[in-house]
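Peer 1:
Protein chains: 2
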Amino acid sequence: MATLKDVAKEAGLTVGTVSRVLNNRGYISDDAREKVNGAMKKLNYHPNEVARSLQGKSTNTIGLIVPHIRHPYFAEMISNIENQAYKKGYRILLCNAQSIEEKEREYIDICTGNRVAGIILCSGTVSVEVFDGIRVPVITMERFLDNGTAAVECDNRQGGTLAAERLISCGCRHLLHVGNISSISMPADQRTEGFRQVCEKMGVAFHEVFTEKSQYHNMKYDALIEKALQEHPETDGLFVNSDVIAAQALQVCRRMGISVPGQMKVIGFDDVNIAALTTPQLTTIHQPVREMAEIAVNLLHDAASGKIVPKRTVLPVYLVERETA
Amino acid sequence: MATLKDVAKEAGLTVGTVSRVLNNRGYISDDAREKVNGAMKKLNYHPNEVARSLQGKSTNTIGLIVPHIRHPYFAEMISNIENQAYKKGYRILLCNAQSIEEKEREYIDICTGNRVAGIILCSGTVSVEVFDGIRVPVITMERFLDNGTAAVECDNRQGGTLAAERLISCGCRHLLHVGNISSISMPADQRTEGFRQVCEKMGVAFHEVFTEKSQYHNMKYDALIEKALQEHPETDGLFVNSDVIAAQALQVCRRMGISVPGQMKVIGFDDVNIAALTTPQLTTIHQPVREMAEIAVNLLHDAASGKIVPKRTVLPVYLVERETA
DNA sequence: TTTGATATGTCAATCGTTTAACATATTTTC
DNA sequence: GAAAATATGTTAAACGATTGACATATCAAA
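Here the protein sequences line up with chains A and B, keeping their order. If you count by the working numbering, then the first sequence holds residues 1 to 325, one letter each, in order. If you count by the working numbering, then the second sequence holds residues 1 to 325, one letter each, in order.
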């Protein structure tokens, strides 16, 4: 592996001059520049980023912690974050916590150990204290941490409101809501709040069922939905917290002989690819994932540069009318 | 940020001893071990992995290059690779090439610049020469490189064979195959070969349409499929190269008033989550993604340790019978 | 008592790059 | 012809951990 020294020798210059060319510092002649470029090409030289990082104070790496990759919402989120990070010259250290606290905590250590420029934490489950000792910016997505640097969310309450309004205006009178994991408090809980408020105001009954962490992991919601529909056979409107759940609800309805949207209206959340690939296609709440991702990376960048950044950013959602409601 | 020196001072020992504790080298007393652990905890010390990497010859990072993240097949692949990598103590540097040669090439440079232990390249599109100068192991998935270290594939030909046999045994006599990007030669082209061979042997006509690189990127196949079905209205069996395409084909059929599986049988490829969430559910060819991922990481690990590894590993596929064929 | 195992200290080099201080040219400009 | 700008060289410290050579000390067993 060629080093700066090798390049310098090849170019007949000193490391100082070569470094000046590389970093565009001080005075450099066109002649020197050419010699250096030629030598670099000839030796197939690539600066050792590890050494660079050690010399400087931190790396250009973002630690991206997600609970899952297979879940289309997070796949979408990761993709958008990578895009923006790449544009800004950051790399992604991918941390798949799998909703396992232990693994999440370990990955946080790995991030700090690798001197990341900052951490983007998507829907983390780890407790607050873990972040007390962290000196790098921590940007949370769909999760608020008192000791975090900044949080990015969509307007979850508004999403719940839109869903309830839509279902009720479709004529539904017996609603069922598949909410979040009950054990962890999340901004996404606000979906339920918005939903509840509308229902109460309009005098429409609704039941709520909670998911479990393990389901978040294996993405199997069939049994839960089937059980809930059996317990509440009068249900004619369903609002669930993700399109993945909604897609499975459609399968359950089909198995149970419940026609959608005839007997049952369904509204999902996220508006990921899958929403347009089910039959009937899913009506859902659109999360502005791209914008959230861009903002998160920008916040991280600004915070890492020592700027003061807004503690909380909330982006609007909107209803996408398709076929299920 | 606490350093080894700080820990040594806090523990009342020297860096040598502390290093011995950390790396379990030489003689260490329980007393010293305790002192060091206490000091580490007190100072919230995390070894600087950057410095460690610089000192050693390479990092414990795998450069994972994928053409897409949003595509469920790659999301699945990434997830499985991360899992196995984590078990083996590797980190993932996520490189989303977006099927852009320029970006893929740049990411390869970034990987070498960051002194990754090895590269796992999924369905890369970059030309062979790029890898000539690379000294780290390069494991390719679903792509064969003469100058690569090892390649992992599924039995694509077998997949094509199974699909053709199934469609024909379902009574289809006018087949259509949505194949790969025509401009790049890939192992996945073998699906077409296997498919063709069976069709020819059985005397069943079939047409083939090719996808474009941009479609791989934006995952929009509707127009292509619709056009193909209009050009070949006699089609009664469809074999497409991914479940994403198949799911869209179902939507197109619905729009065109073609009943599936009544008038049209459909077989996808990959067997990702989405396959069980469409209506009707997709019959598809299962790729052993988990096994492929594990093998890839193991190959990388072995190759990085200087072992000789098999140049090509092909894993079996099988047909998953659901509702579309 | 001697030997050897155990335990720690000291010191310095190394990994590859950056950067600053300082010296020394050459060329340009007034 | 002097001053200023341009260009490069020299040297060394720094980033943080690893590692090896070597010294020294304690304690056990032979």
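Cβ coordinates follow ideal geometry from the N, Cα and C atoms, glycine included.
Can you name, in chain order, every residue of its own chain whose Cβ lies under 8 Å from the Cβ of A:Arg25, other than the five neighbours on each side?
Peer 2: Only Ser19 meet the Cβ criterion.
Peer 1: Please list, in chain order, the chain B residues whose beta carbon lies closer than 7 Å to that of A:Ser79.
Peer 2: Going along chain B in sequence order, the residues near A:Ser79 (Cβ under 7 Å) are Ile69, Arg70, Asn96.
Peer 1: What residue range is occupied by the uninterrupted beta strand (DSSP E) comprising B:Phe210?
Peer 2: Unbroken beta strand (DSSP E) run through B:Phe210: 205-211.
Peer 1: Alpha carbon to alpha carbon, how far is B:Asn48 from B:Leu299?
Peer 2: Approximately 28 Å between the Cα atoms of the pair.
Peer 1: Taking just the CA atoms, how far does B:Ala296 sit from B:Thr284?
Peer 2: 24 Å
Peer 1: Do A:Ala75 and B:Ala75 have their C-beta atoms closer together than 8 Å?
Peer 2: Contact flag set, yes.
Peer 1: So, helix, strand or coil for A:Lys103, using DSSP?
Peer 2: helix
Peer 1: For the beta strand (DSSP E) holding B:Leu282, just list the boundary residues, first then last.
Peer 2: Run containing B:Leu282: none; DSSP gives neither H nor E here.
Peer 1: In terms of residue numbering, what span does the alpha helix (DSSP H) encompassing B:His301 cover?
Peer 2: If you look at B:His301, you'll find it in the alpha helix (DSSP H) that goes 289-304.
Peer 1: Put A:His217 into one of helix, strand or coil per three-state DSSP.
Peer 2: Looking at A:His217 - three-state DSSP - the assignment turns out to be helix.
Peer 1: Is it true that the CB of A:Ile65 sits closer than 8 Å to the CB of A:Cys122?
Peer 2: yes
Peer 1: Residues in the same chain with beta-carbon distance under 6 Å from A:Tyr45, minus the five sequence neighbours each way, listed in chain order, please.
Peer 2: Result list for A:Tyr45: Ala2, Val7, in chain order.
Peer 1: What distance in whole Å lies between the Cβ atoms of B:Gly160 and B:Glu193, which are believed to be in contact at a cut-off of 8 Å?
Peer 2: With a Cβ gap of about 6 Å, B:Glu193 and B:Gly160 count as contacting.
Peer 1: Quick one: Cα of A:Glu291 to Cα of A:Ala304, how far?
Peer 2: 20 Å
Peer 1: In angstroms, rounded to a whole number, what distance separates the CA positions of B:Phe210 and B:Ile245?
Peer 2: Answer to the nearest angstrom: the Cα atoms are 12 Å apart.
Peer 1: Just to confirm the assignment: which complete beta strand (DSSP E) runs, minimum length 3, are found wholly within the region 156-212 of chain A?
Peer 2: 174-181, 205-211
Peer 1: Along chain B, in chain order, which residues have C-beta atoms closer than 8 Å to that of A:Asn114?
Peer 2: Glu49, Val50, Arg91
Peer 1: Is the beta carbon of B:His71 sitting closer than 8 Å to the one on B:Gln98?
Peer 2: no
Peer 1: Under 8 Å, Cβ to Cβ, is there at least one residue of chain A near B:Asn44?
Peer 2: yes
Peer 1: Going along chain B, which residues have a C-beta under 8 Å from A:Thr324?
Peer 2: The contacting residues do not exist; A:Thr324 stays about 12 Å from chain B at best.
Peer 1: Could you spell out the range, first to last residue, of the beta strand (DSSP E) harbouring B:Asp243?
Peer 2: Per DSSP, B:Asp243 belongs to no beta strand (DSSP E); it is in the alpha helix (DSSP H), 243-256.
Peer 1: What span of residues does the alpha helix (DSSP H) with B:Met141 cover, start to end?
Peer 2: Premise fails: B:Met141 lies in the beta strand (DSSP E), 138-141, not in any alpha helix (DSSP H).
Peer 1: So what does DSSP say about A:Thr3, is it helix, strand or coil?
Peer 2: coil
Peer 1: Counting only beta-carbon atoms, is A:Ser53 nearer than 8 Å to chain B?
Peer 2: yes
Peer 1: Is any beta-carbon of chain B found at less than 8 Å from that of A:Glu102?
Peer 2: no
Peer 1: Please report the Cβ distance between A:Gly148 and A:Val138, rounded to the nearest whole angstrom; I am assuming they are in contact, meaning their Cβ atoms lie under 8 Å.
Peer 2: 5 Å
Peer 1: Does any C-beta atom of chain B lie closer than 8 Å to the C-beta of A:Glu82?
Peer 2: yes
Peer 1: For A:Asn114, which residues in the same chain have their Cβ closer than 8 Å to its Cβ, ignoring the five residues on either side in sequence?
Peer 2: Thr59, Thr61, Gly63, Leu93
Peer 1: On the three-state DSSP scale, how would you describe B:Asn96?
Peer 2: strand
Peer 1: Pairing CB atoms from the region 263-280 of chain B with CB atoms from the region 314-324 of chain B, are three or more of them under 8 Å?
Peer 2: yes
Peer 1: Taking A:Arg322 as part of the beta strand (DSSP E), name the residues at either end of that continuous run.
Peer 2: No beta strand (DSSP E) holds A:Arg322; DSSP gives it neither H nor E.
Peer 1: Roughly how far, in whole angstroms, is the beta-carbon of B:Gly251 from the beta-carbon of A:Leu277, given that I think they are within contact range, below 8 Å?
Peer 2: Per the sequence shown, the amino acid found at residue 251 of chain B is Gln instead of Gly. Confirmed, Cβ separation roughly 7 Å.
Peer 1: Mind checking whether B:Ala163 and B:Ile81 have CB atoms under 8 Å apart?
Peer 2: no
Peer 1: Below 8 Å CB to CB, which residues in the same chain sit around B:Met77 once its five sequence neighbours on both sides are set aside?
Peer 2: Correct list, in chain order: Val66, Cys122, Met141, Val289, Met292, Ala293.
Peer 1: Can you pull the chain B residues whose beta carbon is under 7 Å from the beta carbon of A:Ile274, in chain order?
Peer 2: Ile274, Leu277
Peer 1: What's the C-alpha gap between A:Glu10 and A:Lys57?
Peer 2: One Cα belongs to A:Glu10, the other to A:Lys57, and the distance between them is close to 30 Å.
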